[in-house]
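In the numbering used here, the protein residues as written are -10 to 364.
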Ligand SMILES: *Cc1c(COP(=O)(O)O)cnc(C)c1O
């Protein structure tokens, strides 16, 4: 069994993917170009934003989104304590300071209560200027944008949606990558919509932001003359090959993968509910299930379960084994476990199970039976 079966996905889509790759090689144009334009248009339309700018990876997408919001030295960037490191470390790329915030214990997303307290604390201290909330759609579930937007409005902050794991998720009819002032995603292979290497995108409704991003992803070139570089940019362009691979994958994602992964998740929840804590999907929300993450009693039980699963060749992963405040890269912030009771507890008990649109219901049952036998 694979943790996320990318090989089976390739076997299913092989003829389309192979011919798309061949087409790019035959064209002799490998960076940006028509395939990237086509992808950008289709993704923008799907998520419901005016513009999509494809970049080299999801981390660059966050970096450039912060640049587009003009975040810099002296600014506070509020980020969740339970995420992949990029969501918080990106603050440093623009000279700003991350302010970590504890999470909601049932959705694993940033806690609106803790967020408001953190903003008040920063205002009281008076050293940093609260500027932006980086809200992560962790494991595929959109964050609580109703409350996050209200807080952002109250304190006059931007919202940057980090939908690296969230692509395909939604709240009622509003899709991930359309929340907040600007949003980003990642096409890292294991994400809900992944390519065969690194890739990412930024979404905006603002025409000038779109123009700015197209310039700074390509060393600050002017739109008309690429050797007229009028501002400092980075090199973060999406490869044509990755766009060509993403186009048929995106069709599969829309037409059946997203539904299928939800069926798989529902089967897990039906089997496991009542025996352990299964993911909570609030009313009106849809998750794209980048991960299916359960909560166990404690780290000893988790270790025992992981060992038994391993003996049966069932892969499982701990996303994430450490909170951001426990990462050495953030040690200058002088944070401790007592300041983040929820995330500190959850990293000791969370376990992610095999998930993906190509997992079979038989495989879900086998994983569930194995888990239930141990518990
Ligand atoms: C994967 C991920 C990123 C970074 O994306 P890359 O394409 O790997 O650079 C950022 N934020 C979150 C929440 C992620 O899961």
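Every residue gets a Cβ at the ideal spot worked out from N, C-alpha and C, and that includes glycine.
Quick caveat, the model's predicted, so the values are computed rather than measured.
Report yes if the C-beta of residue 93 is less than 7 Å from at least one heavy atom of ligand 1; otherwise report no. Here residue 93 is taken as the residue at index 104 of the chain shown, counted from 1. No - ligand 1 has no heavy atom lying nearer than 7 Å to the Cβ of residue 93.
What is the residue span of the alpha helix (DSSP H) that residue 199 lies within? Position 210 of the chain shown, counted from the first residue, corresponds to residue 199. Residue 199 -> alpha helix (DSSP H) spans 196 to 205.
Is residue 51 near ligand 1, judged by its Cβ being under 7 Å from some heavy atom? Locating residue 51 in the chain shown gives position 62, where the first residue counts as 1. Yes - ligand 1 has a heavy atom lying nearer than 7 Å to the Cβ of residue 51.
Between which two residues does the alpha helix (DSSP H) holding residue 29 run? As a working mapping, residue 29 is identified with position 40 in the chain shown. Unbroken alpha helix (DSSP H) run through residue 29: 23 to 36.
Taking the alpha-carbon of residue 227 as reference, which of -2, 13, 0, 25 has the nearest alpha-carbon? Within the chain shown, the letter at position 238 stands for residue 227. When only C-alpha atoms are compared, the closest one is 25.
Put residue 333 into one of helix, strand or coil per three-state DSSP. Numbered from its first residue, the chain shown carries residue 333 at position 344. Residue 333 falls in the helix class under three-state DSSP.
Express the C-alpha separation of residue 128 and residue 154 in angstroms, rounding to a whole number. The residue given as residue 154 occupies position 165 in the chain shown. The residue given as residue 128 occupies position 139 in the chain shown. Using only the alpha carbons, I get a separation of about 6 Å.
Cβ of residue 309 versus every heavy atom of ligand 1: is any distance shorter than 7 Å? The sequence position of residue 309 within the chain shown is 320, counting from 1. Not under cutoff, so the answer is no.
Let me check you understand the geometry: is the CB of residue 180 closer than 7 Å to at least one non-hydrogen atom of ligand 1? As a position in the chain shown, residue 180 is number 191, starting the count at 1. Checking the Cβ of residue 180 against ligand 1 gives yes.
On the CB-based measure, 16 or more other CB atoms within 10 Å of its CB, does residue 167 come out buried or exposed? As a working mapping, residue 167 is identified with position 178 in the chain shown. Buried, since its Cβ has 16 or more Cβ neighbours within 10 Å.
Do residue 265 and residue 247 count as a contact pair if the criterion is CB distance below 8 Å? Counted from its first residue, the chain shown places residue 247 at position 258. Counted from its first residue, the chain shown places residue 265 at position 276. Not a contact, by the Cβ cut-off of 8 Å.
Any idea if residue 143 is buried or exposed, counting beta-carbon neighbours within 10 angstroms, 16 or more meaning buried? Against the chain shown, residue 143 aligns to sequence position 154. With fewer than 16 other Cβ atoms within 10 Å, it is exposed.
Is there at least one non-hydrogen atom of ligand 1 closer than 7 Å to the beta-carbon of residue 46? Within the chain shown, numbered from 1, the residue matching residue 46 stands at position 57. Checking every heavy atom of ligand 1 against the Cβ of residue 46, one is found closer than 7 Å.
Quick one: using the 10 Å Cβ neighbour count with 16 as the cut-off for buried, is residue 63 buried or exposed? Your numbering for residue 63 matches position 74 in the chain shown. Exposed, since its Cβ has fewer than 16 Cβ neighbours within 10 Å.
Note down, in chain order, each residue of its chain lying with its Cβ closer than 7 Å to the Cβ of residue 20, except the 5 sequence neighbours on either side. One-based indexing of the chain shown puts residue 20 at position 31. Closer than 7 Å at the Cβ level, and outside the excluded window around residue 20, lie 226, 228, 229.
Using the beta-carbon count (16 or more within 10 Å), is residue 317 buried or exposed? As a first step, residue 317 is located in the chain shown; it is residue number 328 there, counting from the start. Flag for residue 317 reads exposed.
What residue range does the alpha helix (DSSP H) around residue 239 cover? On the chain shown, position 250 is the one that residue 239 refers to. Residue 239 -> alpha helix (DSSP H) spans 229 to 241.
So within the stretch 273 to 332, which uninterrupted alpha helix (DSSP H) runs reach at least 4 residues, ignoring any that extend past its ends? 288 to 300
Which term fits residue 182, buried or exposed, when burial requires 16 or more other beta carbons within 10 angstroms of its beta carbon? As a working note, residue 182 is residue 193 in the chain shown. It counts as buried.
Assess, as a yes-or-no matter, whether the stretch 184 to 197 is touched by the stretch 35 to 46 under the definition of 3 or more beta carbon pairs within less than 8 Å. yes
Considering only the beta carbon of each residue, do residue 357 and residue 269 sit closer than 8 Å? Counting from one through the chain shown, the residue named residue 357 turns up at place 368. Counting from one through the chain shown, the residue named residue 269 turns up at place 280. No; because the gap between Cβ atoms is not below 8 Å, this pair is not in contact.
Looking only at C-alpha atoms, which of 55, 273, 138, 311 sits nearest to residue 338? Position 349 of the chain shown, counted from the start, is the residue given in the question as residue 338. It is 311 whose Cα lies nearest to the Cα of residue 338.
Opening and closing residue of the beta strand (DSSP E) in which residue 104 lies: Taking the chain shown and counting its residues from 1, one reaches residue 104 at position 115. Note, residue 104: premise wrong, no beta strand (DSSP E); alpha helix (DSSP H) at 101 to 114.
If you measure from the CB of residue 189, is any heavy atom of ligand 1 nearer than 7 Å? In the chain shown, the residue the question calls residue 189 occupies position 200. Yes, since a heavy atom of ligand 1 falls inside the 7 Å radius drawn around the Cβ of residue 189.
Measure the beta-carbon distance from residue 6 to residue -1 and round it to whole angstroms, keeping in mind my assumption that it falls under 8 Å. Here residue 6 refers to the residue found at position 17 of the chain shown. Here residue -1 refers to the residue found at position 10 of the chain shown. Indeed they touch by this definition, with Cβ atoms about 7 Å apart.
Whose C-beta lies closer than 8 Å to the C-beta of residue 124 among residues of the same chain, with five residues either side of it excluded? Reading the chain shown from its first residue, position 135 is the one you call residue 124. Counting only Cβ-Cβ distances below 8 Å, and skipping sequence neighbours, we find 69, 98, 99, 132, 134, 137, 148, 149, 150, 151, 168, 169.
Assuming residue 278 contacts residue 250 under a Cβ cut-off of 8 Å, what Cβ separation, rounded to an integer in Å, is found between them? Against the chain shown, residue 278 aligns to sequence position 289. Against the chain shown, residue 250 aligns to sequence position 261. Indeed, because the Cβ distance is near 5 Å, the residues count as touching under 8 Å.
Any heavy atom of ligand 1 closer than 7 Å to the Cβ of residue 282? Against the chain shown, residue 282 aligns to sequence position 293. No.
How many whole angstroms separate the CB atoms of residue 302 and residue -10, which I take to be in contact at a CB cut-off of 8 Å? If you number the chain shown from 1, residue 302 lands on position 313. If you number the chain shown from 1, residue -10 lands on position 1. Indeed, because the Cβ distance is near 6 Å, the residues count as touching under 8 Å.
Opposing strand residues paired with residue 339 [DSSP bridges]: Taking the first residue of the chain shown as 1, we reach residue 339 at position 350. According to DSSP, residue 339 bridges with 284.
Which residues does DSSP list as the beta-bridge partners of residue 160? Locating residue 160 in the chain shown gives position 171, counting from the first residue. Paired residue(s): 163, 274.
With distances taken from CA atoms, which of 275, 272, 253 is nearest residue 351? Taking the chain shown and counting its residues from 1, the one referred to as residue 351 is at position 362. The option with the nearest alpha carbon to residue 351 is 253.
Residue 118 - containing beta strand (DSSP E), residue span: Start at 1 with the first residue of the chain shown, and residue 118 comes out as number 129. 118 to 125 is the span of the beta strand (DSSP E), which, as asked, contains residue 118.
For the structure I just gave you, are there three or more beta carbon pairs, one from the stretch 320 to 340 and one from the stretch 73 to 92, closer than 8 Å? yes
With burial defined as no fewer than 16 other Cβ atoms inside 10 Å of the residue's Cβ, what is the status of residue 106: buried or exposed? Within the chain shown, residue 106 is the residue found at index 117, counting from 1. Residue 106 should be labelled exposed.
Does the distance between the C-beta of residue 217 and the nearest non-hydrogen atom of ligand 1 fall short of 7 Å? For the purposes of this step, residue 217 is taken as residue 228 along the chain shown, with counting starting at 1. Result no, Cβ not under 7 Å from ligand 1.
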